[in-house]
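K.L.:
Numbering (our numbering), first residue to last: 65 to 365. Handing you this structure, nothing more for now.
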């Protein structure tokens, strides 16, 4: 056996080793439940992230969520508390100071390096295991215990209930804010409410996929859904389904390897988006072809 073969076998074993898969599934059942809860929240929140063009805001909130989680890790308190606190601060700042798109992007551009810098500082000061530091950036699969699952379940109830209460007016305000304002819809208040809900969703995502890759569950599934349909009913349904497949599927695949969970979730999300984009393109071409007028016969001479 050559050294190249040995190296290849070692590399493949790191990615795929399902020898103790049954035991691992039982061990991380909490992570699977947490991933399913996160996918539900991410799929629903992502619909409005797409409608309101807040992809950049998600990344900005994740940086301060990461800083809050790192601060909690340094102080020895619950990481979930720090993550939620950092997310809410960022969401409120963006919501209050960034009503217009140009102002919002400027605020986010200022917050992102500040949050990332703070997070790196807190992690550098943290004397504990390096795995805890790395997990805040790329996600952790075995760190979700029953207490964390309970916390995530409570946060899920908060976000889903909040979205249910404001879904119709928030959709109106997201699609056409000027007309919504003229009709008396409290557009500014709805924006702040949604930013708070977004902050909670980001804090949940940081604990599963890490601060660097929250977009994979808060944006990609919804982006894939809108490629397939414009229906206000089917977009959130498909978004949640795609997020569940990516999150739960990524966790189940990551069980058989020593690689962090994030590459699996992001890869599945990306594949779903590519397939949805291709299907949407083919369907669009088919509709254009079907609607094209038939060619007129050439006149006889």
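Ideal placement from N, C-alpha and C gives every residue a C-beta, glycine not left out.
(1) Using C-beta distances below 7 Å, list every residue in its chain close to residue 128, excluding the 5 sequence neighbours before and after it, in chain order.
(2) Could you check how far apart the C-beta atoms of residue 183 and residue 134 are, in whole angstroms? I think they sit under 8 Å.
(3) In or out: residue 247 buried (at least 16 other Cβ within 10 Å) or exposed?
(4) Under the three-state reduction of DSSP, which class applies to residue 69: helix, strand or coil?
(5) What residues in its chain sit with their C-beta under 8 Å from that of residue 334, if we drop five residues either side in the sequence?
(6) For residue 256, collect the residues of the same chain with a Cβ closer than 8 Å to its Cβ; drop the 5 residues on either side in sequence, then sort them by chain order.
(7) Can you tell me the Cα-Cα spacing of residue 102 and residue 94, whole angstroms?
(8) State the Cα-Cα distance for the pair residue 291 and residue 267, rounded to the nearest angstrom.
(9) By how many angstroms is the C-alpha of residue 185 removed from the C-alpha of residue 304?
(10) Rounded to whole angstroms, what's the CA-CA distance from residue 124 to residue 114? Just pull it up for me.
(11) Which of the three DSSP states, helix, strand or coil, is assigned to residue 294?
(12) CA-CA distance, residue 233 and residue 341?
(13) For residue 287, which residues in the same chain have their Cβ closer than 7 Å to its Cβ, ignoring the five residues on either side in sequence?
(14) Could you spell out where the alpha helix (DSSP H) holding residue 242 opens and where it closes?
(15) Give me the Cβ distance between residue 282 and residue 110, rounded to the nearest whole Å; I'm assuming they're in contact under 8 Å.
(16) For the alpha helix (DSSP H) containing residue 124, list its first residue and its last residue.
(17) Under a three-way DSSP split, which group does residue 232 fall into?
(18) Under three-state DSSP, which class holds residue 190?
(19) Taking only runs that begin and end inside the stretch 259 to 314, name each unbroken alpha helix (DSSP H) of 4 or more residues, in chain order.
P.N.:
So, from the listed chains and residues:
(1) 150, 151, 153, 154, 175, 179
(2) 4 Å
(3) exposed
(4) Unreliable positioning characterises residue 69 in this predicted model, as indicated by a pLDDT of 47, which lies under 50. The coordinate reading is nonetheless provided below. DSSP places residue 69 in helix when its eight states are reduced to three.
(5) 280, 284
(6) 156, 159, 160
(7) 12 Å
(8) 27 Å
(9) 35 Å
(10) 15 Å
(11) coil
(12) 29 Å
(13) 114, 337
(14) 241 to 246
(15) 5 Å
(16) 119 to 139
(17) helix
(18) coil
(19) 279 to 282, 284 to 292
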